Amino acid sequence: MSRMRMKAIVITTICATSVALSAQNPTIRVRATRVVDGTGKTLANVTIVVQGSKIVGIEASGSGTADYNLGRLTVVPGMIDVHAHVGWHFGPDGRYQPRGTTPAQEILYSAENAYVTLMAGFTTIQSPGQPNDVELREAVARGAFPGPRILTSIGQLNESSGTPDEIREKVRQLKRDGADVIKIFASASIRDGGKQTMTDAQLEAVCGEAKAQGLRTMVHAHSTESVKASVNAGCDQIEHGVLIDDSALKLMAAKGVYFDPNVGVVLQNYLRNKANFLGIGNYTEEGFSNMEKGVALNKAMIKKAVATPGLKLVMGTDAVAGAHGHNADELVERVRQGGQKPMDAIISATSMSAKSLNLDKTIGTLAPGYEADLIAVDGDPTADITALTRVAFVMKGGKVYKNVSPSTMHRPLQVQK
Ligand SMILES: [Zn+2]
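The numbering used here numbers the first residue of the sequence shown as 54 and each following residue consecutively.
In structure tokens form, the structure reads like this:
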């Protein structure tokens with residue numbers, strides 16, 4: 054082969070490769086008049102440049118073309134819900150259905166929940182968790198199926214999980230099964246009084262082994278004693294905390310443990326949809342009366358939590374059947390009831406929650422090098438937090454899943470009968 058011909062082939066190959074690459078990774082330019090970056094900064098009149106799944110630049114917007122001009126909408130990072138039960142659903146008769154449906158029905162209910170959650174602006178959720186979360190997580194990760202990035206605990210450990218040695222083996226098994234996080238029940242449900250259920254030795258076994266395996270831990274705990282035992286056992290994150298006092302809040306802050314109070318969605322959803330749950334398991338009249346009291350207790354607790362210096366508040370809803378797609382109500386209530394500053398609520402739902410998932414180099418911030426997970430909302434959420442409930446545009450990993458005019462937006466039904 055002549056030298057000239059060889060050169061021609063090489064050039065052709067390079068051209069073909071670069072054409073294929075740019076076809077796979079077209080540059081998308083998103084212009085916005087207001088961008089809240091997830092770390093506390095607000096940028097005015099910028100163009101976010103996206104290539105493939107990532108943000109590659111944020112430019113002062115000149116007169117160049119934009120693929121999406123979001124006008125008066127505010128762009129924020131895709132929100133994160135660190136506690137959403139994506140598989141929980143009402144059955145065909147409208148009743149909460151923990152079992153009794155076919156595997157195909159189960160996964161389709163999960164898929165519906167994943168879809169409405171993504172449409173509500175949540176591009177990452179952590180599910181604590183059920184076995185078919187793994188299939189859902191993989192389906193979303195393949196790229197064609199609309200849903201948030203999913204992390205899952207697959208199952209839960211509790212006081213019946215055995216001796217410390219048996220518990221350690223269960224943690225290792227969950228890791229082999231592909232768990233992203235370990236979910237633990239250190240206290241009873243609020244419907245059953247919320248007292249500590251696992252022993253200190255069991256808690257040390259689960260959180261100690263998880264740490265040794267490189268897994269994070271999230272602990273359901275309502276009472277002060279159960280929160281303190283979990284923090285002292287080296288667990289990473291506490292859920293709920295309806296009954297806790299100042300000393301538990303201060304201990305979490307001192308130890309750098311994340312706190313995920315769920316004050317705006319879960320109990321309100323249970324009360325609103327009482328008829329769909331009542332009579333199943335511990336969803337009794339007494340359980341509902343405890344949940345009603347819980348709403349008031351949460352109100353006092355979130356005020357104290359917001360006022361606790363150094364406490365790392367992450368954004369989780371504990372969304373169950375009926376609550377999916379209403380996740381941002383949590384932030385509205387944290388601001389309304391707890392007095393949290395809207396900007397702090399936004400940081401909590403983006404960069405802070407990303408940090409709690411060890412994903413703070415990947416998601417939760419709008420900056421070059423991060424995944425292009427961004428949403429646009431109707432209004433300025435730093436002044437009016439309810440803007441986060443009006444999501445008009447959703448991009449996840451550089452792909453646009455929603456782009457509607459604010460006037461045509463609708464939210465899923467709050468009551469399902
Ligand atoms: Zn939960």
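We put the CB at the ideal spot given by N, CA and C, even for glycine. Predicted, not measured: the structure shown is a model, and the values here were computed from it.
- Straight-line measurement puts the Cα of Ala372 at about 21 Å from the Cα of Glu339.
- Here Lys107 carries a strand assignment [DSSP, helix/strand/coil].
- Shortest gap from the CB of Asp186 to any heavy atom of ligand 1: 6 Å or more.
- The beta carbon of Asp120 sits no closer than 6 Å to any heavy atom of ligand 1.
- Here Tyr336 carries a coil assignment [DSSP, helix/strand/coil].
- By the neighbour-count criterion, in which 16 or more other beta carbons inside 10 Å mark a residue as buried, Ala97 falls on the exposed side.
- Counting C-beta pairs with one atom in each stretch, the region 343-352 and the region 313-327 have three or more that are closer than 8 Å, which means they touch.
- The C-alpha of Arg190 is placed about 29 Å away from the C-alpha of Val88.
- Counted as a single uninterrupted DSSP element, the stretch harbouring Asn285 is not any beta strand (DSSP E) but the alpha helix (DSSP H) occupying residues Thr277 to Asn285.
- The nearest non-hydrogen atom of ligand 1 is 6 Å or more from the C-beta of Asp218.
- Between ligand 1 and the CB of Asp382, the shortest heavy atom gap is not smaller than 6 Å.
- The distance from the Cβ of Glu383 to that of Met368 is about 6 Å, consistent with a contact at the 8 Å cut-off.
- Closest in alpha carbon position to Tyr121, among Asp298, Asp134, His142 and Val103, is Val103.
- The set of residues whose C-beta lies within less than 6 Å of a heavy atom of ligand 1 reads, in chain order, His136, His138, Pro181 and Asp371.
- Under the DSSP assignment, Asp382 falls in the alpha helix (DSSP H) whose first and last residues are Asp382 to Gly391.
- In this structure the region 354-362 does not lie against the region 278-292, because fewer than three pairs of beta carbons, one per stretch, are closer than 8 Å.
- Of the candidates Val319, Val280 and Ala429, Val280 places its Cα closest to the Cα of Leu304.
- Ranked by Cα distance from Ser401, the first of Arg269, Lys365, Asp230 and Glu424 is Lys365.
- For Ala241, the number of other beta carbons within 10 angstroms of its own is at least 16, and it is reported as buried.
- A straight-line Cα-Cα distance of about 14 Å links Ile399 and Lys408.
- Secondary structure remark: continuous alpha helix (DSSP H) runs of at least 4 residues inside the region 392-468, in chain order: 395-400 and 406-409.
- Nearest to Leu427 by C-alpha distance, out of Thr127, Gly93 and Ala119, is Thr127.
- Nearest to Thr177 by C-alpha distance, out of Val83, Ala137 and Ala328, is Ala137.
- The way I'd put it, the region 188-207 doesn't touch the region 144-151; fewer than three beta-carbon pairs between them come closer than 8 Å.
- Secondary structure of Met354 (DSSP, three-state): helix.
- Within the same chain, and ignoring the five residues on either side of Arg225 in sequence, the residues whose Cβ sits closer than 8 Å to its Cβ are Glu262 and Gln266.
- One thing to note: Ile203 has its Cβ no nearer than 7 Å to the Cβ of Tyr423.
- DSSP places Ser300 in the uninterrupted alpha helix (DSSP H) bounded by Asp299 to Lys308.
- Put simply, the backbone Cα of Ser458 is about 13 Å away from that of Met172.
- Per DSSP, reduced to three states, the secondary structure at Ser214 is coil, with no helix or strand assignment.
- Nearest in C-alpha terms to Asp253, of all of Asn211, Ile243 and Ser206, is Asn211.
- Going by DSSP, Ile237 is part of the beta strand (DSSP E) stretching over Val234 to Phe238.
- As the crow flies, the alpha-carbon of Leu227 is around 32 Å from that of Asn329.
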